[in-house]
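Protein chains in written order, with the working numbering: chain A, 1 to 249; chain B, 1001 to 1233.
Scroll down for the structure; my scribbles are underneath it.
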Amino acid sequence: MIREHLTDLSAGEPHFRWRGREATRLEGFSDAVFGFAITLLILLLDPPKNSRDLIWQMLSFPIPFAVCFALLASVWYSHNAFFRRYGLSDPWTVFLNTILLFFVLFILYPLKFVFTALVSDLFRRWGITIEGTTLDTDSAHQLAMILDDATPLLSAFGLAYAGVSLVYLLLYAHAWRLRERLGLDAAERHVTKGTMISHTGDCAVAFLSIALAVFGHVALAVYCYLLLFPSRRAARAWTRRRMPAPAPA
Amino acid sequence: MSRVEALSDGVFAFALTLLIVSLEVPKNSSELLRVIMGFPAFAACFAILVHLWYSHHRFYRRYALSDPVTVALNSALLFLVLFFVYPLKFLFTMLVGFALLRFGILSGEEARDYGREIESMIVPRDAKPLMLVYSAGYLGVSLVFALLYARAWRRREALELDARERHVTRAEIVAHGADGGVAVLSLALAIAGHVAAAGWCYFLLGPIRTLLGVLRARRMPPPEGAVAGGSLS
């Protein structure tokens, strides 16, 4: 019983043997980029000069920050899963990883703008104001401008997110091509397919959001990302339901 | 080292750097003096972040967990750390500023300028909501650590923890729970309107931690070998 749990702990997933035992330099490098990307979210704020600024930041910032943080954390989690599962570091993987990091850094600025604008818009609608803060002055004006012209921002964000999903799709397709050489068993091949379906769903959601933004449905284009939850859930459910029975030992 | 640790180290390192990035490079001697006066605040924030990093480091060295729940808790911790970088810097700049003025370290025009700057940092009616947010943040950090150790405790069989390791794990849950208790006390004081007391109550952390440390050392089970020998004699 204890042994079983131990292999479970060191080898990660119930249906997947981890071939990448140790993190490679490629992953160390990527982690530095992910870490810096997450920290950049804070750097987009100005250090507060007085308590009014600080209170405004504390009210308006946590929600957009949490959403952006969760999104980056989820991209990182997929990254870790891919490298743990297949332990690949051939030139094509390195190349795709570089493209991925590019999109991760690229996603930041529109991401932060979109969510800050969204929260400020909600605050304005609900009548939450804090006198004497930056909200009353230039930043309200700036936000109004962002909201009036959100299409390019949302499209940029959508493209970057579609790019991230597409790169994961290509990475998994690469692992799929190497399935014989990696010695993937039936369950592992099935999980590989299931993950590809999940990333295809992400990609489709991003393109749907771009389409909505281009046709002027700005709010719908933002809330469309909520579709990520049911789409991922469906992919997970499909993977679980169709899981091949373990081969007799 | 797992990738969870690599990512977290990156975030901690950048969080430390953020403390400095938010300073401007001084252009003349009076600006330099101002930067030097900011050093105690920088040191305090630095110490807090390093202390958190060390707790984090110790947890991962001890149990090497990287299951989805641990990763989620770890993300919550990183979120809190990053979110509180600027607010902590703000808090300590203000506290150090008041202390410097109170003890008359500056004099003449310098003191007047600096005093005006520090005074302008806080509007009195903001003190209570800020205190609430700081205490909520500290409660969050303590809870995350308590939950991380609770996670290790739940997997104690799989991790094959021995009697001493189990004792240490339990003691950590209690210690981080006690930290959270102090934060709850501070929240209650702030809600009741005793904002200054809500701040001072963090000085309870010292004696409470010392007491828990002593209890933990006293109740530590003897090493495995010694148990057998002890029960024989």
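Positions of the beta carbon are idealized from the N, C-alpha and C atoms, including for glycine.
- Of the residues assessed, residue 1123 (chain B) falls on the exposed side of the cut-off, its CB having fewer than 16 other CB atoms within 10 angstroms.
- In this chain, the alpha helix (DSSP H) harbouring residue 162 (chain A) covers 150–177.
- The shortest C-alpha to C-alpha distance from residue 1096 (chain B) to any of B:1021, B:1034, B:1074 is the one to B:1034.
- In this structure, the beta-carbon distance from residue 167 (chain A) to residue 99 (chain A) falls below 8 angstroms.
- Where residue 1179 (chain B) is concerned, the enclosing alpha helix (DSSP H) starts and stops at 1163–1191.
- With respect to the 8 angstroms criterion, residue 1121 (chain B) and residue 74 (chain A) are not classified as neighbours on the basis of their beta carbons.
- With contacts defined by Cβ atoms closer than 8 angstroms, residue 1090 (chain B) and residue 48 (chain A) form a contacting pair.
- In this structure, DSSP gives residue 16 (chain A) an extended state, which the three-state scheme calls strand.
- Residues 110 of the same chain have their beta carbon placed closer than 7 angstroms to that of residue 156 (chain A), with the five preceding and five following residues left out of the count.
- In this chain, the alpha helix (DSSP H) harbouring residue 196 (chain A) covers 186–214.
- Among the residues of chain A, those whose CB is under 9 angstroms from the CB of residue 1010 (chain B) are 31, 32, 33, 34, 35, 36, 38, 39, following chain order.
- Annotation: residue 188 (chain A) to residue 71 (chain A) spans about 26 angstroms, alpha carbon to alpha carbon.
- The closest CA to that of residue 150 (chain A), considering only A:218, A:207, A:204, A:40, is found on A:218.
- For the stretch 38–101 of chain A, the full-length alpha helix (DSSP H) segments reaching 4 residues or more read 51–60, 62–86 along the chain.
- Following the DSSP letters along the chain, one finds residue 1031 (chain B) inside the alpha helix (DSSP H) bounded by residues 1029–1037.
- Here residue 23 (chain A) carries a coil assignment [DSSP, helix/strand/coil].
- Considering only A:62, A:23, A:57, A:76, the residue with the shortest C-alpha distance to residue 36 (chain A) is A:76.
- If you draw a straight line from the Cα of residue 1219 (chain B) to the Cα of residue 203 (chain A), it is about 56 angstroms long.
- For residue 1015 (chain B), at least one C-beta of chain A is nearer than 8 angstroms to its own C-beta.
- Neighbourhood of residue 1034 (chain B) in chain A, by CB distance below 9 angstroms: empty, with the nearest CB roughly 14 angstroms away.
- Contact residues of the stretch 159–185 of chain A toward chain B are absent (C-beta to C-beta distance below 7 angstroms).
- At a Cβ-Cβ threshold of 8 angstroms, residue 1173 (chain B) and residue 1200 (chain B) do not count as neighbours.
- Nearest C-alpha to residue 1048 (chain B) among B:1029, B:1075, B:1155, B:1084: B:1084.
- Taking 8 angstroms as the cut-off, the beta carbon of residue 1217 (chain B) is found no closer than this to the beta carbon of residue 1176 (chain B).
- Ranked by how close their Cα comes to the Cα of residue 1063 (chain B), the residues B:1150, B:1180, B:1222 have B:1150 in first place.
- Under the DSSP assignment, residue 1009 (chain B) falls in the alpha helix (DSSP H) whose first and last residues are 1003–1021.
- Residues 1137, 1140, 1141, 1144 of the same chain have their beta carbon placed closer than 8 angstroms to that of residue 1080 (chain B), with the five preceding and five following residues left out of the count.
- Within 7 angstroms of the CB of residue 1006 (chain B), the CB atoms of chain A belong to 23, 28, 31, in sequence order along the chain.
- In the three-state DSSP reduction, residue 1057 (chain B) falls in the helix class (H, G or I).
- Residue 107 (chain A) counts as buried, since no fewer than 16 other beta carbons sit within 10 angstroms of its beta carbon.
- Sixteen is the threshold: since fewer than 16 other Cβ atoms of the shown chains lie within 10 Å of the Cβ of residue 181 (chain A), the residue is exposed.
- Spanning the alpha carbons of residue 1131 (chain B) and residue 1055 (chain B) requires a straight line of approximately 24 angstroms.
- Look at the stretch 1114–1146 of chain B: the residues with a C-beta under 7 angstroms from a C-beta of chain A are 1120, 1121, 1122, 1123, 1126, 1129, 1130, 1133.
- Leaving aside the five residues that flank residue 159 (chain A) on each side, the residues in its chain whose CB is nearer than 8 angstroms to its CB run, in chain order, 206, 210.
- Around residue 242 (chain A), the same chain offers 190 as residues with beta carbons nearer than 7 angstroms, after the five sequence neighbours per side are excluded.
- Linking residue 226 (chain A) to residue 67 (chain A) through their CA atoms gives a straight-line distance of about 11 angstroms.
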